[in-house]
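Notes follow once the structure below has been shown.
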Amino acid sequence: MFGNLGDMGKMLEGMQENAKKLQAELESKIFKVKSGGGMVEVSINGKGEVIDINIDDSLLEDKDSLQILLIGAINDANKMVEDNRQNSALGMLGSMGGANPFGAK
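For the sequence shown, our numbering gives the first residue as 1, with consecutive numbering after it.
Have a look at this one:
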């Protein structure tokens, strides 16, 4: 009824190992986003942590613009990280031969 459970266990172990490798690979990536024509640059890692911010000196006198540009850059960077995670997860599922674990068609 369930086929060979040993083979299924090996397959699941392989999937878990691939998921760990994928997670480590995602976390090691660095994403850079510029806003305001390059006046603000935010670098974020694959965990979603901001690791660097560069601000053009001309913005230091304009707090409101600086805040707007920082918010935009951070939000864009976080979206890049999330899109990368989703694309990587879909790629991993696709490499499994398109099998649907729930049996739906």
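Heads up, the beta-carbon is just placed ideally off N, CA and C, and yes, glycines get one too. All values reported here derive from a predicted model rather than from experimental measurement.
Assign residue i to buried or exposed, taking buried as 16 or more other Cβ atoms, counted over all protein chains shown, within 10 Å of its Cβ.
i	result
Ile53	exposed
Gly6	exposed
Ile44	buried
Leu60	exposed
Per DSSP, residue i forms a beta bridge with which residues?
i	result
Ser28	DSSP, once it has assigned bridges, lists no residue as partnering Ser28.
Going by alpha carbons, who is nearest to residue i out of the options?
i	options	result
Ser35	Leu66, Asp83, Leu90 and Arg85	Leu66
Ile51	Lys29, Glu61 and Leu60	Lys29
Near residue i, which residues of its chain fall below 8 Å by C-beta distance, leaving aside the five closest residues on each side in sequence?
i	result
Ser58	Met39
Whose C-beta lies closer than 7 Å to the C-beta of residue i among residues of the same chain, with five residues either side of it excluded?
i	result
Lys47	Glu27
Please return the same chain residues whose Cβ sits closer than 6 Å to the Cβ of residue i, not counting the five positions on each side in sequence.
i	result
Val33	Val42, Ala73, Asp76 and Ala77
Inset, instruction - Please specify which runs of the beta strand (DSSP E), each continuous and at least 3 residues long, are wholly inside the stretch 11-70, giving them in chain order. - result: 30-35, 40-45 and 50-55
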